[in-house]
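Chains as they are written, first to last, in our numbering: chain A, 2 to 224; chain B, 14 to 232; chain C, 7 to 286. One structure below.
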């Protein structure tokens with residue numbers, strides 16, 4: 002087995018495009034997913050049960066079924082709902098819906114981690130429900146759930162590879178097509194693995210640093 | 014229009030294929046548990062070499078998307094002279110991947126045991142081996158059971174990816190039926206329901222075992 | 007003092023026939039209690055007697071099941087329409103209790119805000135007071151409880167006694183007409199109790215209306231105008247400190263006080279019987 006690294010340099014523009022698209026999918030999908038997750042958690046916890054029940058169902062379905070199947074339903078099944086999506090839109094939307102379910106569970110746990118006494122104190126001072134969420138609960142819980150959010154964000158970056166199956170032209174897809182035309186699978190796939198690996202290590206290290214930086218206060222002395 | 018008929022007709026076929034999904038995912042979790050235990054032990058050992066190997070293993074298999082790992086094993090194993098059926102290669106890859114996660118889960122379990130409990134065991138004269146088998150392992154299993162059950166459901170879902178390297182299981186069969194019937198929505202939704210039921214069953218069994226542990230604690 | 011103020015018209019708090027049920031358990035069984043302006047009422051009783059629940063009902067942190075609670079003449083938490091009770095909106099609850107301050111056993115400071123921000127944030131968020139004015143008033147309140155030097159400390163950097171004083175400052179900043187204290191010193195190490203009680207004593211001297219659930223019998227004896235002994239969900243004894251601590255022979259109350267003395271007397275000579283010692 003010999004390595005022909007020229008394959009990589011020859012196809013550099015293609016690979017770069019794929020990489021940029023992967024990052025785009027990851028960033029946009031995560032951002033929308035975070036928004037969905039926060040909205041779902043707030044609606045589940047602070048509204049009535051008729052609104053909460055379908056949301057609980059959504060979370061259970063997204064967590065209980067494979068991401069690949071979800072993508073197939075959205076992309077191939079979408080036209081039957083009148084949703085004729087491009088692979089990219091279906092992929093980013095699918096990633097956001099998938100991540101949103103997990104993010105909502107994290108946010109939910111975060112809301113519940115704030116001691117009820119603190120909410121009572123805020124209510125006693127006449128602070129409104131929304132202001133309590135924004136000024137009392139969110140700032141504290143974000144510190145607590147940051148590791149979980151970072152972890153999920155990292156997991157989502159790996160899920161972007163699955164979008165290649167519905168023909169989104171991201172990094173994995175580009176590498177596979179280069180491999181199938183040149184038969185240089187070893188070079189291209191190993192390159193791909195190393196890129197993901199390095200990327201994840203960097204993101205994880207950044208997340209660790211962020212975690213250390215926030216949280217000037219500690220929660221230990223509070224009950 | 015959504016056709017219940019198509020869904021019902023494909024159901025027996027899909028259920029048949031889901032047996033493979035269960036076999037592949039559960040066997041990969043079983044193998045992965047063994048790998049994970051070894052890697053966890055290596056990671057907690059005194060030897061810097063073993064610790065380095067464990068760290069490298071965990072970092073790689075958690076750092077590279079499973080799909081890329083599967084493609085690597087599918088295309089590259091033959092290049093280095095390993096010719097095994099694609100299903101074997103796929104299960105091996107799943108096992109290596111989940112093993113990295115399980116190693117981390119177990120590590121957390123062992124490190125989560127309060128030091129006082131170990132000290133107490135040492136003070137009443139238990140040997141190092143007794144402490145490990147009677148105190149640490151049972152406690153770590155109890156601590157980590159929810160995470161291990163969760164990891165198992167993750168592997169059931171992740172096993173859908175082995176369809177990409179041509180292994181016949183639930184997702185692969187669903188794809189085949191979907192392309193031949195032109196009814197992808199019904200087929201994929203049915204497949205999704207089956208995955209959901211499998212995972213619900215695993216979670217249910219897990220909660221039963223957990224309840225058993227809790228009853229033990231209360232007694 | 008209580009006799010004079012009692013004549014002064016409408017009570018600040020008027021509790022009428024209040025019941026509180028948790029599931030099938032009756033925690034409060036028909037409580038009647040009124041608190042006049044500038045009066046200090048200490049509520050004592052064994053744990054589980056319902057004394058904290060009563061205070062939480064007066065703050066509407068718990069919904070009471072039956073009866074009526076009036077705050078400065080306004081019914082709290084419910085509206086009466088043709089004799090039917092209806093729960094009012096949270097905003098309406100907040101309006102009726104806007105002049106009620108509450109101090110918690112566990113302080114319940116917000117750990118991500120400094121002492122100053124803990125006091126200033128509610129002024130901004132609930133009263134819409136501009137940032138600088140809120141900070142100024144918060145500083146004055148911290149000064150009042152002797153903590154102006156620790157304004158920029160986070161709760162985790164403060165001792166329990168200091169945290170509780172911030173809790174008091176936070177409640178005072180809203181300019182309440184009555185302050186409710188729910189076992190304000192019970193979570194504190196013994197040597198930190200004094201500083202909190204001193205702040206409360208000063209408040210009482212200034213004429214603040216206070217209701218205090220407490221295990222500090224010395225404080226109750228010295229500061230209270232009225233002491234209320236709650237036992238098994240009813241007010242078993244109430245009256246002046248003299249009447250409750252010295253002159254009453256309710257056996258449950260005697261037993262309760264006996265237990266209290268035995269826990270707190272750490273050394274005694276000869277065969278003195280502590281229950282006979284009313285000097286507190």
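Glycine included, C-beta positions come from ideal geometry on N, C-alpha and C.
**Q.** Members of the stretch 128-158 of chain C near chain A, C-beta cut-off 7 Å
**A.** 128, 131, 132
Q. Which residue comes first and which comes last in the beta strand (DSSP E) that contains residue 49 of chain C?
A. Within the third chain, residue 49 of chain C is the residue found at index 43, counting from 1. Element bounds for residue 49 of chain C: 46-50.
Q) So is residue 121 of chain A in contact with chain C if we call contact Cβ pairs under 8 Å? A) One-based indexing of the first chain puts residue 121 of chain A at position 120. Yes, because at least one Cβ of chain C sits closer than 8 Å to the Cβ of residue 121 of chain A.
Q: Please list, in chain order, all residues of the same chain as residue 8 of chain C whose beta carbon is under 8 Å from its beta carbon, the five residues on each side excluded.
A: Within the third chain, the letter at position 2 stands for residue 8 of chain C. Its pLDDT being 42, under 50, residue 8 of chain C is placed unreliably by the model, and the measurement read from it follows with that caveat. Here the set comprises 42, 45, 231, 232, 246.
(Q) Can you pull the chain A neighbours of residue 177 of chain B, defined as C-beta to C-beta under 7 Å? (A) Your numbering for residue 177 of chain B matches position 164 in the second chain. Result: 166.
Q: Could you please tell me which residues of the stretch 121-148 of chain A, in chain order, have their CB closer than 8 Å to any CB of chain C?
A: 121, 122, 123, 124, 125, 126, 127, 128, 129, 130, 132, 136, 137, 140, 141, 144
Q | Cβ-Cβ separation, residue 106 of chain C to residue 65 of chain C (assumed contact under 8 Å), whole Å | A | Walking along the third chain from the start, residue 65 of chain C turns up at place 59. Walking along the third chain from the start, residue 106 of chain C turns up at place 100. Confirmed, Cβ separation roughly 6 Å.
**Q.** Spatial neighbours of residue 211 of chain B in its chain, beta-carbon cut-off 6 Å, leaving aside the 5 residues before and after
**A.** Position 198 of the second chain, counted from the start, is the residue given in the question as residue 211 of chain B. Cβ neighbours of residue 211 of chain B beyond the five flanking positions: 169.
**Q.** Residue ranges of each beta strand (DSSP E) within the stretch 36-113 of chain C, 3 or longer
**A.** 46-50, 72-77, 84-87, 90-93, 106-109
Q: Scan the stretch 170-187 of chain A for residues whose Cβ lies nearer than 8 Å to a Cβ of chain B and list them as they occur along the chain.
A: Hits within the stretch, in order: 173, 177, 180, 186, 187.
(Q) Only counting the same chain, and skipping five residues up and downstream in sequence, which positions put a Cβ closer than 6 Å to that of residue 103 of chain A? (A) Taking the first chain and counting its residues from 1, one reaches residue 103 of chain A at position 102. Excluding residues within five positions, the ones whose Cβ falls inside 6 Å are 153.
Q: Leaving out five residues on either side along the sequence, give the residues of the same chain with a beta carbon under 8 Å from the beta carbon of residue 82 of chain B.
A: In the second chain, the residue the question calls residue 82 of chain B occupies position 69. Excluding sequence neighbours, residue 82 of chain B sits near 74, 106, 109, 110.
(Q) DSSP has residue 217 of chain C in a bridge; who is on the other side? (A) Translated into the one-based positions of the third chain, residue 217 of chain C becomes position 211. Beta-bridge pairing links residue 217 of chain C to C:47, C:186.
Q. For residue 1 of chain A, which option in A:199, A:174, A:203 has the closest C-alpha, if you only look at C-alpha atoms?
A. Look at the range of chain A in this structure, 2 to 224, and you will see that residue 1 of chain A is not part of it.
**Q.** residue 243 of chain C: first and last residue of the uninterrupted beta strand (DSSP E) it sits in
**A.** Translated into positions along the third chain, residue 243 of chain C becomes position 237. Residues 240-245.
Q) Do you know whose CA, among C:119, C:144, C:115, lies nearest residue 125 of chain A's CA? A) Reading the first chain from its first residue, position 124 is the one you call residue 125 of chain A. Measuring from the Cα of residue 125 of chain A, the nearest candidate turns out to be C:115.
Q. When you compare only the Cα positions, how much space is there between residue 146 of chain B and residue 185 of chain C?
A. Counted from its first residue, the second chain places residue 146 of chain B at position 133. Counted from its first residue, the third chain places residue 185 of chain C at position 179. Computed Cα separation, rounded: 57 Å.
Q. Can you list the residues of chain B that residue 193 of chain A reaches, using a CB-CB cut of under 7 Å?
A. On the first chain, residue 193 of chain A is found 192 positions in, with the first residue counted as 1. The contacting residues are 81.
Q) Terminal residues of the continuous alpha helix (DSSP H) containing residue 225 of chain C? A) Position 219 of the third chain, counted from the start, is the residue given in the question as residue 225 of chain C. First-last of the alpha helix (DSSP H) with residue 225 of chain C: 223-229.
Q.
Using the three-state DSSP reduction, which class does residue 23 of chain C fall into: helix, strand or coil?
A. Here residue 23 of chain C corresponds to residue number 17 of the third chain, with the count starting at 1. DSSP, read as helix, strand or coil, puts residue 23 of chain C in strand.
Q: Indicate whether at least one CB of chain A lies closer than 8 Å to the CB of residue 65 of chain C.
A: Translated into positions along the third chain, residue 65 of chain C becomes position 59. Taking a beta-carbon distance threshold of 8 Å, residue 65 of chain C counts as an interface residue toward chain A.
Q. Which same chain residues, not among the five before or five after residue 45 of chain B, have their C-beta less than 6 Å away from its C-beta?
A. Residue mapping note: residue 45 of chain B aligns to position 32 of the second chain, counting from 1. Same-chain partners within the cutoff: 108, 111, 112, 115.
Q: Please determine, among B:180, B:76, B:226, the residue with the shortest C-alpha to C-alpha distance to residue 100 of chain B.
A: Working through the second chain from its first residue, we reach residue 100 of chain B at position 87. Of B:180, B:76, B:226, the residue nearest in Cα terms is B:180.
(Q) Would you call the stretch 196-207 of chain B in contact with the stretch 148-160 of chain B, where contact means no fewer than 3 C-beta pairs closer than 8 Å? (A) no
Q) In chain C, what lies closer than 7 Å to residue 118 of chain A by C-beta? A) Looking up residue 118 of chain A in the first chain gives position 117. Residues of chain C passing the Cβ test: 110, 112, 114.
(Q) Let me confirm a value: residue 63 of chain C is counted as buried when at least 16 other C-beta atoms fall within 10 Å, else exposed. Which label applies? (A) Sequence index remark: in the third chain, residue 63 of chain C carries index 57 (1-based). By the neighbour-count rule (16 or more Cβ atoms within 10 Å), residue 63 of chain C is buried.
Q: Determine the DSSP secondary structure at residue 320 of chain C, reduced to helix, strand or coil.
A: Because residue 320 of chain C is not part of the residues shown, which for chain C are 7 to 286, the question remains open.
Q. Helix, strand or coil: how does DSSP classify residue 236 of chain C here?
A. As a working note, residue 236 of chain C is residue 230 in the third chain. Residue 236 of chain C falls in the strand class under three-state DSSP.
(Q) Please report the distance separating the alpha-carbon of residue 87 of chain A from that of residue 166 of chain A. (A) On the first chain, residue 87 of chain A is found 86 positions in, with the first residue counted as 1. On the first chain, residue 166 of chain A is found 165 positions in, with the first residue counted as 1. Rounded to whole angstroms, residue 87 of chain A to residue 166 of chain A spans 13 Å at the Cα level.
Q. Of all the options B:167, B:97, B:225, which has the alpha carbon lying nearest to the alpha carbon of residue 154 of chain B?
A. The residue you call residue 154 of chain B lines up with position 141 of the second chain. It is B:225.
Q) Are there 16 or more other CB atoms within 10 angstroms of the CB of residue 191 of chain C, so buried, or fewer, so exposed? A) Within the third chain, numbered from 1, the residue matching residue 191 of chain C stands at position 185. Its Cβ being crowded by 16 or more others within 10 Å, residue 191 of chain C is buried.
(Q) If you reduce the DSSP assignment to three classes, tell me which class residue 28 of chain C lands in. (A) Counting from one through the third chain, the residue named residue 28 of chain C turns up at place 22. Correct three-state label for residue 28 of chain C: strand.
Q) By a C-beta neighbour count over all protein chains shown, 10 Å radius and 16 as the cutoff for buried, is residue 161 of chain A buried or exposed? A) Within the first chain, the letter at position 160 stands for residue 161 of chain A. Residue 161 of chain A comes out buried.
Q. Taking all protein chains shown into account, do 16 or more other C-beta atoms lie within 10 angstroms of the C-beta of residue 51 of chain A, making it buried, or fewer, making it exposed?
A. On the first chain, residue 51 of chain A is found 50 positions in, with the first residue counted as 1. With fewer than 16 other Cβ atoms within 10 Å, it is exposed.
**Q.** Any chain B beta carbon closer than 8 Å to residue 96 of chain A
**A.** Here residue 96 of chain A refers to the residue found at position 95 of the first chain. Closer than 8 Å: no.
Q. At least one CB of chain A closer than 8 Å to the CB of residue 171 of chain C: is that the case?
A. Residue numbering aside, residue 171 of chain C sits at position 165 when the third chain is read from its first letter. No, no contact with chain A.
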